[in-house]
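Peer 1: In the numbering used here, the protein residues as written are 46 to 296. Below is a structure I'd like to ask you about.
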């Protein structure tokens with residue numbers, strides 16, 4: 046049997062001592078199994094939380110007390126010579142039962158991982174729809190919308206620079222930005238033609254919903270807009286970090 050197939054059984058502590066020792070030797074030299082084992086153990090840790098608690102019958106407590114304190118219970122309770130029971134030998138499960146259990150465990154874990162992935166996909170879809178609704182609302186009120194596309198390393202990041210009618214201050218709608226450390230911030234840059242980028246505010250992004258960022262100036266007179274990751278908490282005077290989104294301002 047391929048040692049890679051024993052990852053699920055190892056995560057559930059369903060291997061015999063010999064099989065466990067053999068698999069741990071394989072684990073020390075394998076590049077893929079430790080990562081898969083870490084994912085399985087994370088799911089194993091949350092599986093009990095998915096089971097609803099069951100309230101025991103009211104009669105169970107009385108029956109247990111009667112069994113312990115009654116005559117029959119007293120006869121069953123007796124001192125153990127030496128103060129310690131002899132250890133029971135651990136039954137050795139047949140290989141067939143171990144394989145069936147490992148396959149069942151792997152199926153349960155795969156289902157749990159799929160459920161987590163599906164929930165993340167649903168949240169992402171809801172966020173994208175909310176982002177589109179906000180952009181559509183801005184257009185319905187006569188605003189000009191300049192989409193900012195995510196770069197290849199920023200995943201599903203998207204943004205839209207909204208310039209309301211007149212010379213009112215612009216604002217930015219962002220969605221799907223990647224997580225960054227607490228020591229970093231997102232910084233918006235407005236770039237005029239043939240001039241250096243102008244810092245237009247810093248912000249943080251968290252959660253699975255679009256976020257609106259106020260800008261303290263209109264977008265007229267600027268040609269491009271971009272968001273980069275910069276040192277926090279106040280950002281920098283010139284862009285230094287990686288770009289997240291970038292786009293042309295169309296007014």
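From the three backbone atoms N, C-alpha and C, an ideal C-beta is built for every residue, glycine too.
Going by the CB atoms, is the gap between residue 268 and residue 236 shorter than 8 Å?
Peer 2: Yes, the pair counts as a contact, with Cβ atoms nearer than the cut-off.
Peer 1: Reducing DSSP to helix, strand and coil, say where residue 226 ends up.
Peer 2: Note: residue 226 maps to coil in three-state DSSP.
Peer 1: Near residue 14, what residues of its chain come up, given a Cβ to Cβ distance below 8 Å and the 5 sequence neighbours on each side ignored?
Peer 2: Given a span of 46 to 296 for the chain in the structure shown, any question on residue 14 remains unanswerable.
Peer 1: Indicate the three-state DSSP secondary structure (helix, strand or coil) for residue 259 in the structure shown.
Peer 2: Residue state, collapsed to three classes: strand.
Peer 1: Taking residue 238 as part of the alpha helix (DSSP H), name the residues at either end of that continuous run.
Peer 2: Residue 238 -> no alpha helix (DSSP H), and no H or E assigned at all.
Peer 1: Pick helix, strand or coil for residue 62, following the three-state DSSP scheme.
Peer 2: Note: residue 62 maps to helix in three-state DSSP.
Peer 1: Kindly indicate which three-state DSSP category residue 291 falls into: helix, strand or coil?
Peer 2: Residue 291 falls in the strand class under three-state DSSP.
Peer 1: Tell me where the alpha helix (DSSP H) around residue 219 begins and ends.
Peer 2: Unbroken run through residue 219 is the beta strand (DSSP E), 216-220; no alpha helix (DSSP H).
Peer 1: Are the CB atoms of residue 174 and residue 292 within a distance shorter than 8 Å?
Peer 2: It is not a contact, given that the beta carbons lie outside the stated cut-off.
Peer 1: How many angstroms separate the CA atom of residue 56 from the CA atom of residue 84?
Peer 2: Whole-angstrom Cα-Cα distance: 10 Å.
Peer 1: What residues match up with residue 248 in a beta bridge as DSSP calls it?
Peer 2: The partner list for residue 248 (beta bridge, DSSP) reads 231.
Peer 1: Roughly how many angstroms lie between the CA atoms of residue 187 and residue 260, to the nearest whole one?
Peer 2: Residue 187 and residue 260: Cα-Cα distance of roughly 18 Å.
Peer 1: Given 7 Å as the limit, tell me if residue 74 has its C-beta closer than that to any heavy atom belonging to the ligand MN.
Peer 2: The model depicted lacks the ligand MN and carries no ligand whatsoever.
Peer 1: If I measure Cβ to Cβ from residue 177 and keep anything under 7 Å in the same chain, skipping five residues before and after, which residues do I get?
Peer 2: None.
Peer 1: In the DSSP output, what is residue 191 paired with across the bridge?
Peer 2: Note: residue 191 sits in a beta bridge opposite 206.
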